[in-house]
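Everything in the sequence shown is counted per the working numbering, starting at 46 for the first residue and increasing by one. By construction, the Cβ of each residue, glycine as well, lies at the ideal position given by its N, Cα and C atoms. Reading through the structure tokens given below for one structure.
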Amino acid sequence: MLFTLRQLEFFVAIADAGQISKAALFCNVSQSSMTVALQNLEEQCGRPLFTRHAKGIRLTETGERLLRHAKKVLNTVQLATDDMLIPSNDLSGTLRIGVTETLSAYMLPALLSAITARFPSLQFSLVEYPSPRLCQAIREGMVDLALMLVSNIMLPEDFATEIFIRSTRRLWTCAGHPLQDAPTMALLQIVGGDKLIIPFC
């Protein structure tokens, strides 16, 4: 089963428009051509991709699954096309970055400044989520990369990672605390005392 890019373009257009006639107008083709393309695609899938109702059409469960894949494929093709149209020493387009709340303040400004200085034509789209949601966003193709602490989560084995910085763990104490001037300490030294723990995501 091989889908053509044209089939996927028509399918996404129909899903977004909710009506074959509107999708045909958007794609500048006849409604009959759009209908035939959809019928061929459904035959290839072996099951319906849409259910018909009075006001248009609605995706089936199979259609929802195919839509996620189709958008990823078309997005990748568009990125490849855009990449071939720009000089090799510059990048353009939009880089979708996900970041946790903790790192958005500490790392993101400097990182964006460095990227902008190297690739002035590049635009950014930013979303802020907790680490588990960022992993899901990467898996679903919602972001191109994510910045997060990795010491406190288990990353999927198929994720590619790059360490930007290693942060030293620090213990903040009140004045006069027994461990105030200790250059280093063992975990057992702080287990028994009162603590205020701020979660990092």
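Inter-residue CB distance, residue i and residue j (contact presumed, cutoff 8 Å)
| i | j | result |
| --- | --- | --- |
| A137 | L167 | Residue 137 is actually Ser in this sequence, not Ala. Their Cβ separation, rounded to whole angstroms, is 6 Å, which keeps S137 and L167 in contact under 8 Å. |
| C90 | L111 | 7 Å |
| R224 | V122 | Before going further, note that residue 224 is Leu rather than Arg in the sequence given. Contact doesn't hold; Cβ gap of about 57 Å is too wide. |
| L302 | E87 | No answer is possible for residue 302: it lies beyond the span of the chain, which begins at 46 and ends at 246. |
Cβ pair residue i, residue j closer than 9 Å
| i | j | result |
| --- | --- | --- |
| L179 | L140 | no |
| L53 | V118 | yes |
| A58 | F71 | yes |
| R113 | G221 | no |
| T147 | L194 | yes |
| A115 | F48 | yes |
| S158 | E173 | no |
| L130 | I142 | no |
Spatially closest choice to residue i from the options, by CA coordinates
| i | options | result |
| --- | --- | --- |
| P175 | L192, I160, F164 | L192 |
| L216 | S149, A231, F204 | A231 |
| S196 | C219, L111, I210 | I210 |
| E202 | M129, T218, R184, F164 | R184 |
| T96 | E106, E88, Q89 | E106 |
Exposed unless 16 or more other CB atoms sit within 10 angstroms - verdict on residue i
| i | result |
| --- | --- |
| F55 | buried |
| F169 | exposed |
| M79 | buried |
| V262 | Here the chain comprises residues numbered 46 to 246, so residue 262 is not present and cannot be evaluated. |
| I198 | exposed |
| A69 | buried |
**Asked** Do the region 51-70 and the region 100-113 meet, that is, are 3 or more Cβ pairs less than 8 Å apart?
**Response** Segments in contact, yes.
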